[in-house]
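For reference, the structure is listed below as structure tokens.
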Amino acid sequence: MNIIPVWVVAIPLVVGCDPKPGGTGESTAGTGETSTSTGSTSTGEPTSSSGTTTSTGDPTTSTTTTTTGEPTTSTTDSPFVEDPDMGPQPNACDYHLEGCSPDHKCNVYAPQGESNVLGNLGCFPLDPNPKQIGEPCSTGELPNDGIDNCVAGAVCWNVDDNGNGTCHGLCYPEPGTEDFMCHGQAASCSLCQECAVGLCLPFCDPLQPDCGDGLICVAHYDGFVCAPDASNGEAGDGVACEFINACNAGLMCGDGSRQEGCETNGCCTPYCDMNNPDACPEPSEMCAAVYEQPPEGYEHIGACLQPE
């Protein structure tokens, strides 16, 4: 069987570029929704035929200071310092997640007037009985304020209107290193241009997706990962699409020019097993490779498309 790489319409998931603390960006707080709908991020060399790109930068730390008529000091006794323009702000910590007292954790948050949660770090109270990565969690009424009940090194993400989500690990370097990684997790590190740290997206199998409610298994630069589902269950086989997470579970947004009846740049088409010669329902389609150089464990994953 010939192996033809799949062309993917758009690649961003939650985030996808250099870590640069303290800036603003496209991703929304614990909802994890906004940047799943952007299709223009590309800042590195392609690593797969899906067009996903990554790059690394030189992260720096940021601090919060208070300017008044008299010298002031701040301690970790309180998780907040006062900023005359922004209101109470958390004590600063760095992208190694260090700098907080033992009863606090370094977490991401969105200051007043900002939307990029992953671009800001601060010290927040650590829940005495924290939830582990992968467990249900809660942010309370304010999902962007940095306070949740996840373990240190994790954030409550993909939060619903009631403040309920799932603990996701943060992607950060060990002290003394600059290598961002998901520590002890079967997950992909997703970074963005204005991110202080990244978000760890758990790996999945698109042929047997088990991401849970509100999530979908999509192609990332180093494997398939669980990302927010933007299909609303309404994007079946042949439906026009623009983003990789805009098709129903078990489908991917593939090259429209290689799908019979597709009149747009991309349409939803089934994932398939390249070891199965009868994997695709349409006789004119073949099971084409998703990656030019597939990550380990995903060599057999394809999508149903016509030969080029």
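Just add 16 to the spot in the sequence shown (first one is 1) and you have this note's numbering.
Even glycine gets a Cβ: it sits at the ideal position worked out from N, Cα and C.
Cβ-Cβ separation, residue j to residue i (assumed contact under 8 Å), whole Å
{"i": "Leu321", "j": "Asp253", "result": "Going by Cβ atoms, the distance from Leu321 to Asp253 rounds to 12 Å, so no, they are not a contact pair."}
{"i": "Pro319", "j": "Thr280", "result": "The sequence as given places Ala at residue 319; Pro does not occur at that position. Actually they are not in contact, since the Cβ atoms of Ala319 and Thr280 sit about 16 Å apart, beyond 8 Å."}
{"i": "Asn261", "j": "Asp238", "result": "Asn261 to Asp238, Cβ: 17 Å. No contact."}
{"i": "Asp229", "j": "Cys220", "result": "Rounded, the Cβ-Cβ distance is 14 Å, inconsistent with contact."}
{"i": "Gly282", "j": "Cys269", "result": "5 Å"}
{"i": "Gly181", "j": "Cys153", "result": "6 Å"}
Of the listed residues the options, nearest to residue i (C-alpha basis)
{"i": "Leu207", "options": "Pro152, Glu250, Cys257 and Asn132", "result": "Asn132"}
{"i": "Ala203", "options": "Glu194, Cys187, Gly266 and Cys211", "result": "Cys187"}
{"i": "Gln201", "options": "Cys183, Asp294, Glu194 and Gly266", "result": "Cys183"}
{"i": "Ile149", "options": "Ala235, Val167, Gln224 and Leu134", "result": "Val167"}
{"i": "Cys296", "options": "Leu223, Phe259 and Lys147", "result": "Leu223"}
{"i": "Glu190", "options": "Gly169, Leu158, Asp177 and Asn178", "result": "Gly169"}
{"i": "Met243", "options": "Ala256, Glu324, Ala265 and Glu308", "result": "The sequence given here places Ala at residue 243; Met does not occur at that position. Checked all of Ala256, Glu324, Ala265 and Glu308; the closest Cα to Ala243 is Ala265."}
{"i": "Cys122", "options": "Glu130, Gly135 and Gly129", "result": "Gly135"}
{"i": "Val213", "options": "Pro106, His112 and Glu324", "result": "His112"}
Counted within 10 angstroms of its Cβ, other Cβ atoms place residue i as buried (16 or more) or exposed
{"i": "Ser247", "result": "buried"}
{"i": "Gln275", "result": "buried"}
{"i": "Asp164", "result": "buried"}
{"i": "Asp110", "result": "buried"}
{"i": "Asp161", "result": "buried"}
{"i": "Glu194", "result": "exposed"}
{"i": "Asn291", "result": "exposed"}
{"i": "Gln209", "result": "buried"}
{"i": "Pro37", "result": "A caution first: Pro37 carries a pLDDT of 32, below 50, which makes its placement in the model too unreliable to give a value."}
{"i": "Asn145", "result": "exposed"}
{"i": "Glu301", "result": "buried"}
{"i": "Pro323", "result": "exposed"}
Beta-carbon proximity check, residue i vs residue j, cutoff 8 Å
{"i": "Tyr125", "j": "Gly138", "result": "yes"}
{"i": "Leu215", "j": "Val241", "result": "no"}
{"i": "Cys263", "j": "Ala251", "result": "yes"}
Inter-residue spacing [alpha-carbon to alpha-carbon] between residue i and residue j
{"i": "Asp93", "j": "His120", "result": "Any reading at Asp93 is ruled out, since the residue's pLDDT is 42, under 50, leaving its predicted position unreliable."}
{"i": "Val175", "j": "Cys198", "result": "21 Å"}
{"i": "Phe140", "j": "Tyr314", "result": "39 Å"}
{"i": "Glu312", "j": "Cys288", "result": "17 Å"}
{"i": "Pro299", "j": "His236", "result": "28 Å"}
{"i": "Asp143", "j": "Pro127", "result": "21 Å"}
{"i": "Leu231", "j": "Trp173", "result": "11 Å"}
{"i": "Gly179", "j": "Glu151", "result": "14 Å"}
{"i": "Ser273", "j": "His316", "result": "23 Å"}
{"i": "Pro293", "j": "Phe196", "result": "40 Å"}
{"i": "Phe259", "j": "Val306", "result": "15 Å"}
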